[in-house]
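Undergrad: Numbering of the sequence shown is given in our numbering, commencing with residue 505 and proceeding in unit increments.
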Amino acid sequence: MDKDIATPVRTRAILEKYGFSFKKSLGQNFLIDTNILKKIVSFADLSESSGAIEIGPGIGALTEQLARSSKKVVAFEIDQRLLPILQDTLSPYENVKVIHKDVLEADVRMVMEDEFQGMNDIMVVANLPYYVTTPIIMKLLEDRLPIRGIVCMLQKEVADRISAKPGTKEYGSLSIAIQYYTEAETVMIVPKTVFVPQPNVDSAVIRLTKREKPAVVVKDEDFFFQVTKASFAQRRKTLLNNLTSQLPAGKEKKEEILAALSASGIEPVRRGETLSLEEFGRLADELYSYFH
């Protein structure tokens, strides 16, 4: 087997061979530490019958480790300049398919149906470009794809927000949106020294395990998310203030908002960051009839 792609020497050689220059606009930072890549793959718990979806394979460092641990890898790469490099670096692996597409615009469900026929254990494993981390994760979850979960590397600060618990300063509407669909845990911190070029921030690996059904059952999902976003609009403000100023026609419906808070057993002076998912679920359901 060819020596690993993710060593500093081999990475440099590949980049030089192709005269590749990093595009800041695409958030390209390549990992040059094989042990960390192997750890990331181990968190995904893949078997010989698993499928893996990767987003932003770069020069194939993580892709290679996934190819060795799963039945098939499908990788979405937006940067055309990387396609010939991937064709070269991944040539030893027949179980890899690279799709030249922005994952945010791709019909991932259809790709899964085409590429993973007869496979029922599929994980997303990726070193995500930091500037689009949240939209990518939300798309994968909101599309309700038949995946077991997501293991991804992202900015540590975003990982902290995703896995945050109520009552912490990191906890917010992003924590709720992702924990609604998944159980979220930060499994590893990654120093900036193991990338080229070095990013300005530390990274973390999070594991999101999809729940069989959402964490709370609500009357209307979109409205539930609207309420959680409104509740965090200005973190220092009370729930009552945020809901009246942020919900459509909230100012005219202050009495109704107070009634809904009271019916859900939530003090109007509390702040959004103190509410659990269950409390947000109750509150959204109480508010729903007043706003629809």
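Cβ atoms here follow ideal geometry from the backbone N, Cα and C, with glycine treated the same way.
Tell me, which residues are paired with residue 623 by DSSP?
TA: Here residue 623 refers to the residue found at position 119 of the sequence shown. According to DSSP, which records beta bridges pairwise, residue 623 is partnered with nothing at all.
Undergrad: Report the rounded CA-to-CA distance for residue 693 versus residue 564, giving the unit in angstroms.
TA: Translated into the one-based positions of the sequence shown, residue 693 becomes position 189. Translated into the one-based positions of the sequence shown, residue 564 becomes position 60. C-alpha separation (whole angstroms): 21 Å.
Undergrad: In whole angstroms, give me the CA-to-CA distance for residue 779 and residue 791.
TA: One-based indexing of the sequence shown puts residue 779 at position 275. One-based indexing of the sequence shown puts residue 791 at position 287. Cα-Cα distance, rounded: 15 Å.
Undergrad: Fully enclosed by the region 564-652, which alpha helix (DSSP H) runs are 4 residues long or longer?
TA: Segments of the alpha helix (DSSP H) lying fully in the region 564-652: 565-573, 587-593, 612-619 and 637-646.
Undergrad: Please return the same chain residues whose Cβ sits closer than 7 Å to the Cβ of residue 541, not counting the five positions on each side in sequence.
TA: The residue you call residue 541 lines up with position 37 of the sequence shown. Only 510, 535, 565, 566 and 569 meet the Cβ criterion.
Undergrad: Which residues does DSSP pair with residue 658 in a beta bridge?
TA: Within the sequence shown, the letter at position 154 stands for residue 658. Answer by DSSP bridge pairing, in chain order: 708.
Undergrad: Which partner residues does residue 700 have in the DSSP bridge list?
TA: Residue numbering aside, residue 700 sits at position 196 when the sequence shown is read from its first letter. DSSP output for residue 700 lists 534 as bridge partner(s).
Undergrad: My output table needs one value for residue 788: the three-state DSSP class, helix, strand or coil.
TA: Position 284 of the sequence shown holds residue 788. DSSP places residue 788 in helix when its eight states are reduced to three.
Undergrad: DSSP has residue 714 in a bridge; who is on the other side?
TA: Here residue 714 refers to the residue found at position 210 when the sequence shown is read from its first residue. Answer by DSSP bridge pairing, in chain order: 686.
Undergrad: Of all the options 638, 650 and 639, which has the alpha carbon lying nearest to the alpha carbon of residue 464?
TA: Residue 464 is absent from the model: the chain starts at 505 and stops at 796.
Undergrad: Between residue 690 and residue 667, is the Cβ-Cβ spacing less than 7 Å?
TA: Reading the sequence shown from its first residue, position 186 is the one you call residue 690. Reading the sequence shown from its first residue, position 163 is the one you call residue 667. It is a contact, given that the beta carbons lie within the stated cut-off.
Undergrad: Starting from the C-beta of residue 582, find all residues in its chain whose C-beta is less than 6 Å away, skip the five residues before and the five after it, and write them out in chain order.
TA: On the sequence shown, position 78 is the one that residue 582 refers to. Correct list, in chain order: 606.
Undergrad: Secondary structure at residue 552, three-state DSSP: helix, strand or coil?
TA: For the purposes of this step, residue 552 is identified with residue 48 of the sequence shown, where counting begins at 1. Reduced to three states, the DSSP call for residue 552 is coil.
Undergrad: Taking the C-alpha atoms as reference points, what is the distance between residue 741 and residue 775?
TA: Taking the sequence shown and counting its residues from 1, one reaches residue 741 at position 237. Taking the sequence shown and counting its residues from 1, one reaches residue 775 at position 271. Those two C-alpha atoms are separated by around 7 Å.
Undergrad: Return the chain-ordered list of same chain residues with a C-beta closer than 6 Å to the C-beta of residue 750, the five sequence neighbours on each side being excluded.
TA: Taking the sequence shown and counting its residues from 1, one reaches residue 750 at position 246. 734 and 737, listed in sequence order.
Undergrad: From which residue to which residue does the alpha helix (DSSP H) around residue 515 run?
TA: Position 11 of the sequence shown holds residue 515. Taken as a continuous stretch (DSSP letters only), the alpha helix (DSSP H) holding residue 515 covers 512-522.
Undergrad: Count the other CB atoms, across all protein chains shown, that sit within 10 Å of the CB of residue 550; report buried if there are 16 or more and exposed otherwise.
TA: Here the question's residue 550 lines up with position 46 in the sequence shown. Buried, since its Cβ has 16 or more Cβ neighbours within 10 Å.
Undergrad: Relative to the alpha-carbon of residue 658, which residue among 648, 781, 704 and 772 has its alpha-carbon at the smallest distance?
TA: Taking the first residue of the sequence shown as position 1, residue 658 is located at position 154. Measuring from the Cα of residue 658, the nearest candidate turns out to be 704.
Undergrad: I think residue 629 touches residue 548, with their Cβ atoms under 8 Å apart; what is that distance to the nearest whole Å?
TA: Sequence index remark: in the sequence shown, residue 629 carries index 125 (1-based). Sequence index remark: in the sequence shown, residue 548 carries index 44 (1-based). That pair is a contact at about 5 Å.
Undergrad: At the level of alpha carbons, what is the spacing between residue 672 and residue 602?
TA: Against the sequence shown, residue 672 aligns to sequence position 168. Against the sequence shown, residue 602 aligns to sequence position 98. Whole-angstrom Cα-Cα distance: 40 Å.
Undergrad: Let me confirm a value: residue 665 is counted as buried when at least 16 other C-beta atoms fall within 10 Å, else exposed. Which label applies?
TA: Within the sequence shown, numbered from 1, the residue matching residue 665 stands at position 161. Residue 665 should be labelled buried.
Undergrad: Would you mind stating whether residue 639 and residue 560 have Cβ atoms separated by less than 7 Å?
TA: Sequence index remark: in the sequence shown, residue 639 carries index 135 (1-based). Sequence index remark: in the sequence shown, residue 560 carries index 56 (1-based). No, these two residues do not count as a Cβ contact at 7 Å.
Undergrad: Cα-Cα, which of 624, 580 and 555 is closest to residue 599?
TA: Position 95 of the sequence shown, counted from the start, is the residue given in the question as residue 599. Among 624, 580 and 555, the Cα nearest to that of residue 599 is on 555.
Undergrad: Do you know offhand how far residue 585's Cα is from residue 714's?
TA: The count along the sequence shown starts at 1 and reaches residue 585 at position 81. The count along the sequence shown starts at 1 and reaches residue 714 at position 210. Distance between the alpha carbons of residue 585 and residue 714: 34 Å.
Undergrad: Return helix, strand or coil for residue 693, following the three-state DSSP convention.
TA: For this step, residue 693 is matched to residue 189 along the sequence shown. DSSP places residue 693 in strand when its eight states are reduced to three.
Undergrad: Report yes if the CB atom of residue 617 is closer than 7 Å to the CB atom of residue 578, and no otherwise.
TA: For the purposes of this step, residue 617 is taken as the residue at position 113 of the sequence shown. For the purposes of this step, residue 578 is taken as the residue at position 74 of the sequence shown. Taking 7 Å as the Cβ cut-off, residue 617 and residue 578 do not qualify as a contacting pair.
Undergrad: Please return the same chain residues whose Cβ sits closer than 6 Å to the Cβ of residue 768, not counting the five positions on each side in sequence.
TA: The count along the sequence shown starts at 1 and reaches residue 768 at position 264. Result list for residue 768: 786, 787 and 790, in chain order.
Undergrad: Taking the continuous alpha helix (DSSP H) assigned at residue 761, which residues delimit it?
TA: Position 257 of the sequence shown holds residue 761. Run containing residue 761: 758-767, per the alpha helix (DSSP H) assignment.
Undergrad: What separation, rounded to the nearest whole angstrom, lies between the Cα atoms of residue 748 and residue 722?
TA: On the sequence shown, residue 748 is found 244 positions in, with the first residue counted as 1. On the sequence shown, residue 722 is found 218 positions in, with the first residue counted as 1. C-alpha separation (whole angstroms): 21 Å.
Undergrad: Leaving out the 5 sequence neighbours to the left and right, which residues in its chain are closer than 8 Å to residue 652 when beta-carbon positions are compared?
TA: For the purposes of this step, residue 652 is taken as the residue at position 148 of the sequence shown. Here the set comprises 625, 626, 627, 713 and 714.
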